[in-house]
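The C-terminal residue of the first sequence carries number 471 in the numbering used here, and the numbering is unbroken.
Since the structure comes first, as structure tokens, the remarks are kept for the end.
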Amino acid sequence: MVDLRQLRDDPERFRKGAEKKGFTVNIDEVLRCDDERRRLQAAIDRRRQDLGLKSARMKKAGDEERRKLQDELKNFSREIKIDEIKLRQKESDLEAGLLLIPNPPLEDVPVGKDESGNIEIRRWGEPPEFSFEPKDHVELGAAHDLFDIERGVKVAGTRSYYLKNEGAMLEDALMRYAMDFLVKRGYTPFVTPVIVREECMVGSGYFPVGTEEAYAIEKDGLYLIGTSEVALLSYHKDEILTEEELPKKYAASTTCFRREAGSYGKDTRGLYRVHQFQKIEQVVICRDDPDEMQKLHEELLRNAEEIVQGLGLPYRVVEVCTGEMGMGQIKKHDIECWMPGRGGFGETHSCSSFGDFQSRRSKLRFKGADGKNRFPFTLNNTAAASPRLLIAILETCQNPDGSVTVPDALVPYMNGKTRIG
RNA sequence: GGAGAGAUGGCUGAGUGGUCGAAAGCGGCGGUCUUGAAAACCGUUGUCCCUCCCGGGACCGGGGGUUCGAAUCCCUCUCUCUCCGCCA
């Protein structure tokens with residue numbers, strides 16, 4: 051959620067921000083709503099004061115005065131009540147409008163309307179040159195019985211799959227490896243709920259824009275998370291933290307669920323785009339200091355890069371342009387790992403800074419040194435996601451004989467197994 | 001699934017129609033004392049909105065109602081808890 055005061059002071063900034071991101075919003079209407087709300091509020095305040103004073107007199111008034119006052123005040127208070135209902139309506143209109151205004155990207159974010167506007171900022175590792183005809187992960191999976199997509203579809207519909215044998219173990223190994231890495235870096239490990247209340251979806255910024263992307267459990271008014279960021283962020287929802295306990299550095303291991311609505315026909319082969327996957331996610335809550343946020347953004351990015359480097363997977367980091375950003379993000383980098391089967395890079399990680407957007411929505415605050423409550427800044431990044439990373443691993447580490455070498459970092463988590471097939 | 005209980009400030013918890021933004025305790029902050037700390041004692045300490053200021057207003061889970069006046073009474077929704085049953 052955007053700061054109403056800032057919106058009033060500089061609506062142009064938010065208009066431009068929304069435009070850069072490709073969102074349509076009616077900021078004038080929100081401001082008009084705010085204006086009417088304040089006018090109503092002021093009028094009500096004045097009359098309430100009046101009513102309060104006269105009511106207080108009632109207690110010690112004589113019979114006659116009392117009767118007179120009662121008649122007068124009866125209507126008076128009815129009118130106030132009517133206005134209060136109008137006010138409440140305005141307030142909820144305003145709130146609804148505010149929820150639709152995207153957070154303007156930082157000034158230095160490249161402007162663009164789709165991924166062609168992203169800027170590659172560095173590469174690590176060399177895409178492998180195969181002396182043989184490399185297989186893609188679907189073929190490798192079939193060869194070693196690592197997963198079963200057909201039966202996944204039979205059981206759960208399109209974009210579903212089973213992992214089995216070393217495929218199942220590899221996912222587990224990857225998750226453990228990534229989590230251990232973060233715990234060593236001082237992150238608090240979590241396993242969180244994957245089913246959350248609507249307010250958590252709103253709080254993290256995925257609702258109301260984006261409801262189509264989440265699975266709903268209508269009967270209970272609950273939703274499946276698309277990322278543990280939602281649950282991790284909501285952990286401190288409605289709380290007031292102390293400045294000393296910041297930054298909070300969290301890591302969660304969960305299943306994630308995405309409907310992938312509107313992506314029909316896209317990435318239909320293999321395990322690249324699926325409805326359910328495993329992920330270790332990093333979330334940080336820090337003071338409302340842009341410099342600190344930037345440092346932590348870099349830390350989150352570095353963590354992910356080192357995790358990928360540890361697997362020996364070539365990748366590149368791209369700075370994501372305005373048009374590819376979500377509602378709340380003000381800065382975003384993706385890590386894309388080399389996937390030989392695609393003959394290109396595929397997104398495996400996404401690192402975002404939100405400023406106070408999410409904390410405002412989640413009513414998450416901290417008490418500053420001056421005793422004032424403030425909204426902290428939040429950030430998050432993937433640490434490892436499967437099966438996307440499995441694709442990169444299988445395809446990159448395949449051998450001429452069709453076997454796959456297990457990355458050294460995962461061997462301990464594979465019970466010492468160094469090779470698949 | 002059945003039966004109850006409850007929702008009050010950072011926390012615990014009192015408050016059943018006006019003097020209640022709300023007792024008390026804890027916690028926090030400031031001070032006295034102390035070589036320092038602890039203890040003790042004194043003071044202070046909710047959130048939000050409008051306003052240049054002075055000041056005003058709202059908030060006792062949400063919404064509606066009764067009343068001149070509601071934390072307090074009524075309705076409703078949401079949430080939490082306890083017991084029983086069922087089950088992982």
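For each residue, glycine too, the CB sits at the ideal point set by N, CA and C.
Self-check item: Bounding residues of the beta strand (DSSP E) (the contiguous stretch that carries Y273)
Solution: Unbroken beta strand (DSSP E) run through Y273: 272-274.
Practice problem: With DSSP collapsed to three states, give me the class of R247. | Solution: strand
Quiz prompt | Inter-residue Cα distance where the pair is G390 and A218 | solution = A quick correction: the sequence has Pro, not Gly, at residue 390. If you take the alpha carbons of P390 and A218, they lie about 21 Å apart.
Quiz item: Among Y322, K417, T305, E170, which residue has its Cα nearest to the Cα of E293?
Solution: K417
Quiz item: At which residue ranges does the stretch 400-451 contain complete alpha helix (DSSP H) runs of 4 or more residues, listed in the order of the chain?
Solution: 407-412, 438-446
Quiz item: Can you tell which of H194, M251, D288 has the C-alpha that lies nearest to the C-alpha of G271?
Solution: M251
Quiz item: Under a three-way DSSP split, which group does D198 fall into?
Solution: Strand, per DSSP.
Exercise. Taking H347 as part of the beta strand (DSSP E), name the residues at either end of that continuous run.
Key: That residue, H347, is in no beta strand (DSSP E); its alpha helix (DSSP H) goes 340-361.
Self-check item: Cross-strand partners of F307 (DSSP beta bridge)
Solution: Per DSSP, Q326.
Self-check item: Terminal residues of the beta strand (DSSP E) in which V461 lies
Solution: First-last for V461: undefined, no H or E at that position.
Exercise. Name the two residues that bound the continuous alpha helix (DSSP H) containing D384.
Key: Note, D384: premise wrong, no alpha helix (DSSP H); beta strand (DSSP E) at 381-389.
Quiz prompt | Beta-carbon contacts of E170 that lie in its chain and below 6 Å, excluding the five residues immediately before and after | solution = Counting only Cβ-Cβ distances below 6 Å, and skipping sequence neighbours, we find R366, V368.
Practice problem: Output yes or no for whether 9 Å exceeds the beta carbon distance between A354 and L224. | Solution: no
Self-check item: Whether G360 touches Y227 by CB criterion (9 Å)
Solution: A contact, by the Cβ cut-off of 9 Å.
Practice problem: Count the other C-beta atoms from every protein chain shown that fall within 10 angstroms of the C-beta of D142, then say buried if there are 16 or more, exposed otherwise. | Solution: It is Ser, not Asp, that sits at residue 142 in the sequence shown. So S142 ends up on the exposed side.
Quiz item: Does the Cβ of K109 have 16 or more other Cβ atoms within 10 Å, making it buried, or fewer, making it exposed?
Solution: exposed
Quiz item: How close, in whole Å, do the beta carbons of L363 and I470 come, if the pair is a contact with beta carbons under 8 Å?
Solution: Not confirmed; about 16 Å, so no contact.
Quiz item: DSSP three-state call for P177: helix, strand or coil?
Solution: coil
Quiz item: Could you check where the beta strand (DSSP E) with P239 kicks off and where it finishes?
Solution: 238-240
Exercise. Please confirm whether Y212 and F197 have their CB atoms less than 9 Å apart.
Key: yes
Quiz item: Are T432 and G72 closer than 9 Å when you measure CB to CB?
Solution: no
Quiz item: Would you say R89 and I130 are within 9 Å of each other, going by their C-beta atoms?
Solution: No; because the gap between Cβ atoms is not below 9 Å, this pair is not in contact.
Quiz item: How long is the line joining the alpha carbons of K163 and E374, rounded to whole angstroms?
Solution: 7 Å
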